[in-house]
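Following the working numbering, the numbering of the sequence shown begins with 5 at its first residue and continues without gaps.
Idealized CB from N, CA, C, for every residue including glycine.
It should be emphasised that the depicted structure is a prediction, and the values quoted were computed from it without experimental measurement.
One structure below.
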Amino acid sequence: MLNKDQIRANFSLSAPYYDQHAGLQRELADELFLNIEQRSFRKILDVGCGTGYLTAKLAKKFPLAEVVGIDLAPGMIEVAKRKYQLNNLSFMVGDGEKLSCLANTFDLIVGNASLQWMEAEKFFKEVKKVLRVGGVLALSTFGPQTLQELKAVGFSTNTFPSLLELLTLLGGFELLFLQTKLIKRNFKSVKEIVYHLKELGASYQKKGERGNYFDPFSALKKYREKFGTEVTFESLFLISSRRRN
């Protein structure tokens, strides 16, 4: 089960430096943004908006829409508010598993690289409460092959949903766009990989099997020997429209 307090604390702590390490998240945001069709959206919600990069792009692309960005971490919202000040844009602390608390409905809901920080089933259930019929849900997320190298040497990472799981949860939606991509990133060292993930607020744990002691230094050495300094990220893009029940 996800520890919301820990997630909130980790991301608030990393918020001042997040943009320095979020190049991949921006790439995903740009790809998602390019595939959202121009429509007459009136209300747009960005779930897990972070420091507001994608939210601000949406506010500029759809100047007549009211655009709201929510994030679980107050630190992220503080940074977003300082960085982006547009007439049709607002930011607030909010939970993607409790969207009905917003007491509002939306024509477009987006989520960029944020689904792994929520229980997917709860998120989709909430989306169906606040997304209008005919409204669009646009998601970019990481698939199960993400960080497979860390898993192979004994680290436990976030749980990333498979494409099949996501398509199952999208019952009641018409799929408009689907894309999957494997991305390889090289770092200067294995230590830099761990530091990079930490600065992004990412969650990984050291684990020992059957109660055995887990030696992180041996694991990092094994990582370097087996994979060098390469890391895999599997990206999934899904854009869908809510059908009438």
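Going by DSSP, what residue range makes up the alpha helix (DSSP H) through residue i?
i	result
G27	27-38
T59	57-65
E101	E101 -> no alpha helix (DSSP H), and no H or E assigned at all.
L240	No alpha helix (DSSP H) contains L240, which is instead part of the beta strand (DSSP E) from 234-246.
N7	From DSSP, N7 is part of no alpha helix (DSSP H); its letter is neither H nor E.
L224	220-231
E82	78-87
How big is the Cα-Cα spacing for residue i and residue j?
i	j	result
Y72	N39	Looking at the sequence provided, one finds Val at residue 72 rather than Tyr. Between V72 and N39, the C-alpha separation is close to 20 Å.
G79	L167	31 Å
S244	A142	7 Å
L174	H25	31 Å
Y227	T233	8 Å
F191	R248	47 Å
Y199	Y21	12 Å
R43	T109	16 Å
T145	I81	21 Å
T184	F37	15 Å
Q152	T163	11 Å
E31	A117	10 Å
F128	Q120	13 Å
K64	V83	18 Å
P220	L154	11 Å
K85	F95	7 Å
N91	V51	19 Å
L182	K195	34 Å
V131	K225	43 Å
S193	V97	35 Å
R189	D23	17 Å
R214	T55	With a pLDDT of only 44 at R214, under 50, the local geometry of the prediction cannot be trusted, and the value read off the model is given with reservation. The alpha-carbon atoms of R214 and T55 are separated by roughly 40 Å.
F45	F159	42 Å
M122	D75	11 Å
G115	I197	24 Å
G212	E125	Because the pLDDT at G212 is just 49, under 50, the model does not fix this residue reliably, and the point stays unresolved.
Can you give me the start and stop residues for the beta strand (DSSP E) that residue i sits inside?
i	result
D50	47-51
K192	From DSSP, K192 is part of no beta strand (DSSP E); its letter is neither H nor E.
G54	Careful: G54 lies outside any beta strand (DSSP E) and carries neither H nor E.
N116	110-116
E276	Residue 276 is absent from the model: the chain starts at 5 and stops at 249.
For residue i, count the other beta carbons within 10 Å of its own beta carbon; 16 or more makes it buried, fewer makes it exposed. Which is it?
i	result
Q10	exposed
V137	exposed
S239	buried
T172	exposed
P165	buried
S18	buried
S222	exposed
L62	buried
S16	buried
N7	exposed
Is it the case that the Cβ atoms of residue i and residue j are separated by a distance below 8 Å?
i	j	result
Y57	A33	yes
T236	L186	yes
V157	K102	no
D111	K47	yes
I113	L170	no
L106	V140	no
R246	G176	yes
F241	E70	no
A60	L28	no
request  = Could you pull out every unbroken beta strand (DSSP E) segment of at least 3 residues lying fully inside the region 118-185, listed in chain order?
outcome  = Listed in chain order, the beta strand (DSSP E) runs fully inside the region 118-185 are 135-146, 159-161, counting runs of at least 3 residues.
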